[in-house]
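The sequence shown begins at 343 in the numbering used here and counts up by one.
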Amino acid sequence: MTAPLIIDQGSASLQVTDADLRAWASGRRVFVSSLITDMPAERAAVRAAIVSVGATTVMFEDDLGAQDVPADRAYLAGVHSSQVYIGLWGERYGVRMPDGYSATHAEFLEAERYGLRLCLFVHAEGTAEMDGGQRDLIASARNSYTTSGWTDPADLTERVKRRLRDLAAQELSPWVRVGRTVFRARQIDYDGRSITVAADVRSKAVHAELDRLREHRSGDLPFAAPHLARRVQVAGLGSRTVSSATHQESLTLTVQEQHGVSMRFSMNGMSADDIARQTLEDGLFGTATSREPHFLPDPVDPLEPIRGLGLDDTIARPVAQLLITEHLLTTGAASTVDAFILGPERQGRRNLRVTWSPESPYLDAPDPHPMTVEGTISGI
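Rendered as structure tokens:
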């Protein structure tokens, strides 16, 4: 039986300084989506919030209107050039374009498809005047995301600032795994041969386990970060106690040589990529007992170590993403994980969607098509 993970749950409340926030925001482009004529005061409030943290706004009236391309292409080009999407949804759905969607709906779908960080705000909910299309859009979005309301433009300014600060904290302090321990890092350095991790650890159990790894110079451990997964050996650990609740850790890991290659194979007309997708889908969503064929390898559930732990949302989402990314990278199933969406918990269940780009078997081969698993999970 796999040993349970030791998670630094005190890291969930990590905050960033104003200087760190501005450093994160520098170069970030934030796309603002709403019906322009309906929300001039709100759009001005959001612009002020974005500018105040040092990011760049992408708004149709400021940046996208004077182009010699159709309006729908200009909208979507603005999404493609951004890293964060802010949606302001009121009573009206808007005029439907030739594809059947309003501009705001199309922008949201494109932002979701391109993996932008999403900030969704809903106003005047529950009023009789809300369009049916708008109700459907909001209900569909809430299957995967949490939305926020606002009372007036000043309130919206503060909510947007808080959301951007939260995004900065998540990206500046990513979650990592070393052996059984899972915690947030302040900095990760990787040169191809060694990995150095700096972290402020708030869990005594995590600190004790890291100390044990140092004493035993433990080798062949799993290491995972948002875009990196390797087998490592602990080469050293420096620890400085700054309070009764916080240990500043500096961990040096030696990357282990890869012996052989991961076993990926085709079978009975299914490609290796299809098999990897199916076994992951079966493990995550429990679909193996109800589908054919039965020749596939056993289902794989990367989330098994955290099922039933009752983790807070601020921990469950990034840790789940970390574990699934680790599985896809270490098995050779993926070169990159392009999108990860874990919806809010409702009656013990959550919607999950993961999209990744498979490894290309040959340098001169066309890029493989992205793979996606989507379904409902429980226990997270």
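For glycine and all other residues, C-beta sits at the position ideal for the given N, C-alpha and C. As the structure is a prediction and not an experimental result, all values here were calculated from the model.
Identity of the residue in the options nearest residue i by Cα
| i | options | result |
| --- | --- | --- |
| Arg619 | Val642, Gln598 and Ala550 | Val642 |
| Val576 | Ser613, Arg535 and Thr588 | Arg535 |
| Thr379 | Thr398, Pro710 and Leu430 | Leu430 |
| Arg556 | Glu500, Ala511, Leu593 and Phe402 | Leu593 |
| Ala587 | Phe402, Ser545 and Tyr417 | Ser545 |
| Ala658 | His669, Glu623, Pro710 and Gly721 | Gly721 |
| Ser355 | Ser677, Asp655 and Thr714 | Asp655 |
| Met401 | Val395, Phe373, Ser394 and Tyr427 | Phe373 |
| Leu651 | Gly690, Thr629, Leu670 and Phe627 | Gly690 |
| Asp615 | Pro564, Leu671, Ile648 and Gln425 | Leu671 |
| Ile530 | Phe565, Thr523 and Lys503 | Phe565 |
| Val715 | Ala630, Leu626 and Leu665 | Leu626 |
7 Å CB neighbourhood of residue i in its chain, flanking five on each side removed
| i | result |
| --- | --- |
| Asp680 | Gly457, Thr697, Trp698, Ser699 and Pro712 |
| Ala383 | Pro495 |
| Val411 | In this predicted model, Val411 has a pLDDT of only 42, less than 50, meaning its place in the structure is not dependable; the value taken from the coordinates is given anyway. Excluding positions up to five away in sequence, the list is empty. |
| Gly396 | Arg364, Ala367 and Ser368 |
| Thr523 | Ile348, Val548, Glu551 and Leu552 |
Spatial distance of residue i from residue j (CA atoms)
| i | j | result |
| --- | --- | --- |
| Cys461 | His558 | 45 Å |
| Asp334 | Glu701 | Residue numbering for the chain in the displayed model covers 343 to 722; residue 334 lies beyond these limits and cannot be assessed. |
| Thr389 | Ala675 | First, the amino acid is wrong: residue 389 is Arg here, not Thr. Going from the Cα of Arg389 to the Cα of Ala675 covers about 41 Å. |
| Asp732 | Ile392 | No answer is possible for residue 732: the residues shown for the chain start at 343 and end at 722. |
| Leu552 | Ile348 | 10 Å |
| Tyr435 | Leu506 | 26 Å |
| Ala465 | Trp366 | In the sequence under discussion, the amino acid at residue 465 is His, which differs from the Ala named in the question. Rounded to whole angstroms, His465 to Trp366 spans 29 Å at the Cα level. |
| Gly474 | Thr398 | 33 Å |
| Tyr417 | Asp441 | 14 Å |
| Gly602 | Thr673 | Only weak support is given to the placement of Gly602: the predicted model assigns it a pLDDT of 48, under 50, and the question is left unresolved by the model. |
| Leu385 | Thr488 | Per the sequence shown, the amino acid found at residue 385 is Arg instead of Leu. Rounded to the nearest angstrom, the two C-alpha atoms are 21 Å apart. |
| Ala550 | Gln512 | 25 Å |
| Ser515 | Ala419 | 30 Å |
| Lys749 | Ala387 | The structure shown does not extend to residue 749, since the chain is modelled only from 343 to 722, so the question has no answer here. |
Residues near residue i by beta carbon distance below 6 Å, same chain, minus five either side
| i | result |
| --- | --- |
| Leu694 | Leu684 and Ile719 |
| Ala537 | One detail in the question is off: residue 537 reads as Ile in this sequence, not Ala. Counting only Cβ-Cβ distances below 6 Å, and skipping sequence neighbours, we find Leu595. |
| Leu479 | His447 |
| Arg554 | none |
| Glu449 | Ser375, Tyr417 and Val421 |
Residues of its chain near residue i, where Cβ-Cβ distance is below 8 Å and the 5 sequence neighbours each way are ignored
| i | result |
| --- | --- |
| His422 | Glu452 and Tyr456 |
| Thr621 | Leu638, Pro639, Asp640, Pro641 and Val642 |
Burial state of residue i, where buried means 16 or more other Cβ atoms lie within 10 Å
| i | result |
| --- | --- |
| Gly580 | exposed |
| Val574 | buried |
| Thr446 | buried |
| Asp542 | buried |
| Asp350 | buried |
| Arg501 | buried |
| Ala481 | exposed |
| Ala437 | The sequence shown places Val at residue 437, rather than the Ala named in the question. So Val437 ends up on the exposed side. |
| Ala510 | buried |
| His569 | exposed |
| Ala408 | Any reading at Ala408 needs caution, since the residue's pLDDT is 49, under 50, leaving its predicted position unreliable; the model's value is listed next. Classification for Ala408: exposed. |
| Ala361 | exposed |
Residue i beta carbon near the ligand HEM (any heavy atom closer than 7 Å)
| i | result |
| --- | --- |
| Arg370 | As far as ligands go, the structure on display features none, and thus does not contain the ligand HEM. |
4-residue-minimum alpha helix (DSSP H) runs that sit fully inside the stretch 645 to 677, ordered along the chain: 655 to 672
Minimum length 4: unbroken alpha helix (DSSP H) runs contained in the stretch 517 to 571: 546 to 558
Completely contained alpha helix (DSSP H) runs for the stretch 374 to 458, where each covers 4 or more residues: 382 to 394, 413 to 422 and 445 to 455
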